[in-house]
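Sequential numbering of the sequence shown, starting at 1, is according to UniProt numbering.
Every residue, glycine too, gets a C-beta built ideally from N, C-alpha and C.
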Amino acid sequence: MSASAGTGVFVLSLMSIPICYLFNSLIANSAQAFIFAGCSTVIILSIAHFMFKKKAPADPLFYVYAVYAFFSVVNLIVGLEQENIIDGFVTFYLRQADPHINTAHGHMISYWDGCVHYLMYLLMIAAITWGDSYRAIGLYWVGSFLMRAIVYILGSTVGKHGTEVNYFLLLHMLYISVSVWACFRIFSQPSTQEDELTEAEQKSLLHRPLDLLFIIYLVPAFAFCVFRGLVVLDCSSTWCQEYTQQYEPYLKDPTAYPKVQMLVGMLYSGPYYIITLYGLMVPGCEWMPDLTLVHSGALAQAQFTHICASLHTRTPFSYRVPAGGQPVFLLVNILYALMPQALCYRCRTRPAFFLRPTPDKKTE
């Protein structure tokens with residue numbers, strides 16, 4: 001397939017700008033907004049099929065990411081209009097259609113989807129166009145998507161806006177269903193890791209200082225995610241109460257997004273750190289590169305949303321990070337977000353330690 005297919009998707013995604021402006025002036029109620037979202041999806045798929053019918057991509061995810069790229073630009077428009085940088089594109093949507101998006105958490109996922117996810121969609125579309133593997137980018141997206149979807153759906157249901165569920169939650173469930181199918185498609189793709197297990201890669205942990213550093217990091221990271229999980233569960237410990245008051249009062253925000261996010265972190269990131277400790281100490285754990293990709297994507301999305309929402313003006317003042325605690329808050333949370341990225345980079349660029357020796361190697 002020629003590179004023009006990828007360029008076509010990029011141009012198609014930018015069409016969301018005039019389309020949003022046009023429909024914003026025509027929509028009169030939430031039912032029409034819901035119909036607009038559904039019609040937009042059909043129109044995008046029809047245009048994509050017409051544009052590429054002569055050289056139709058064999059991978060169905062090409063069309064999925066084309067639609068997602070379109071709506072990523074819509075989400076970026078939502079974020080910009082929330083900041084009053086632009087006006088008249090999604091005004092009705094912000095005022096009536098979806099109250100959850102007007103929270104600080106909803107604001108941040110609009111930016112994440114409109115920037116980071118949009119870039120990933122374009123990269124995966126380019127890879128499909130050129131016939132390259134996009135499994136690594138896809139796994140990173142899988143982690144980011146899963147964290148975003150779990151926290152947003154559960155937080156919207158149990159938080160203070162839980163009684164304001166409308167048509168758009170149904171549309172969001174359709175998005176999640178298609179995305180879960182896409183996740184399985186990505187996992188089923190063959191791995192592109194090619195390396196040989198050498199004797200140097202089988203050295204003990206003391207001869208692998210970088211891995212030793214990561215192991216040292218994983219212990220406090222596990223404790224930190226469990227600690228914040230206990231905080232949102234209203235632990236009566238003095239440490240938990242002081243931490244909430246001085247550094248992260250946002251954990252008590254009634255929207256429930258930070259509470260759900262910390263519980264997801266405790267229940268999933270906690271076991272991940274234990275499994276990763278094992279993977280760094282015992283050679284032959286072939287699942288390590290993929291697992292670190294998924295987790296790093298999830299934690300990047302979670303920490304970006306949490307850090308920015310904790311400081312954003314849409315968060316009530318009493319739940320924002322106090323000025324005196326901001327240096328510690330930023331240092332801890334940024335470090336907590338960056339270390340998984342470094343671990344993922346180590347596992348992807350030097351995967352030999354995690355490969356199992358082939359039968360031929362064993363015989364020799």
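Residue closest to residue i, alpha-carbon to alpha-carbon, out of the options
{"i": "residue 9", "options": "20, 23, 64 and 21", "result": "64"}
{"i": "residue 172", "options": "210, 152, 78 and 95", "result": "152"}
{"i": "residue 117", "options": "335, 13 and 264", "result": "13"}
{"i": "residue 288", "options": "307, 348 and 264", "result": "348"}
{"i": "residue 341", "options": "25, 235, 217 and 178", "result": "217"}
{"i": "residue 90", "options": "311, 57 and 23", "result": "23"}
{"i": "residue 335", "options": "188, 323 and 307", "result": "307"}
{"i": "residue 155", "options": "80, 264, 85 and 15", "result": "264"}
{"i": "residue 189", "options": "144, 237 and 132", "result": "132"}
{"i": "residue 351", "options": "285, 19 and 298", "result": "285"}
{"i": "residue 75", "options": "7, 57, 321 and 17", "result": "17"}
{"i": "residue 179", "options": "209, 208, 144 and 213", "result": "144"}
Proximal residues to residue i (C-beta, below 8 Å), its chain only, five neighbours per side dropped
{"i": "residue 215", "result": "205, 277, 280 and 281"}
{"i": "residue 231", "result": "240, 243, 244, 248, 251 and 262"}
6 Å Cβ shell around residue i - same chain, five flanking residues per side excluded
{"i": "residue 346", "result": "none"}
{"i": "residue 137", "result": "120, 123 and 124"}
{"i": "residue 408", "result": "Past the edges of the chain, shown from 1 to 364, lies residue 408, and the structure says nothing about it."}
{"i": "residue 82", "result": "107"}
7 Å Cβ cutoff met for residue i and residue j
{"i": "residue 296", "j": "residue 344", "result": "yes"}
{"i": "residue 261", "j": "residue 309", "result": "no"}
{"i": "residue 101", "j": "residue 59", "result": "no"}
{"i": "residue 158", "j": "residue 186", "result": "no"}
{"i": "residue 182", "j": "residue 61", "result": "yes"}
{"i": "residue 160", "j": "residue 255", "result": "yes"}
{"i": "residue 319", "j": "residue 211", "result": "no"}
{"i": "residue 268", "j": "residue 105", "result": "no"}
{"i": "residue 305", "j": "residue 15", "result": "no"}
{"i": "residue 140", "j": "residue 293", "result": "yes"}
{"i": "residue 86", "j": "residue 94", "result": "no"}
Any C-beta of chain B under 7 Å from that of residue i
{"i": "residue 150", "result": "The structure shown contains no chain B; it holds only a single protein chain."}
Contacting residues, own chain, Cβ-Cβ under 7 Å from residue i (five flanking each side not counted)
{"i": "residue 200", "result": "Residue placement at residue 200 cannot be trusted, given a pLDDT of 47 that sits under 50; what the coordinates show is reported in the next sentence. The answer is none, since no qualifying residue turns up."}
>> My parser needs the beta strand (DSSP E) runs of 3 or more residues fully inside the UniProt domain "EXPERA" (210-344); what are they?
In response: Listed in chain order, there is nothing to give.
> Counting pairs of Cβ atoms below 8 Å between the stretch 110-129 and the stretch 144-157, do you hit three or more?
Replying inline: Pairwise C-beta distances place the stretch 110-129 in contact with the stretch 144-157, as three or more of them are shorter than 8 Å.
>> Could you check whether the stretch 214-230 touches the stretch 264-278, counting it as contact only if at least three pairs of C-beta atoms, one from each stretch, sit closer than 8 Å?
In response: The stretch 214-230 vs the stretch 264-278: in contact.
>> Pairs of beta-carbons, one from the stretch 224-238 and one from the stretch 71-90, closer than 8 Å: are there three or more?
In response: Counting Cβ pairs under 8 Å, fewer than three are found: no touch.
>> As an exercise, report each continuous alpha helix (DSSP H) stretch of at least 4 residues that is fully enclosed by the UniProt domain "EXPERA" (58-183), in chain order.
In response: Whole alpha helix (DSSP H) segments, 4+ residues: 61-82, 104-112, 118-130 and 135-158.
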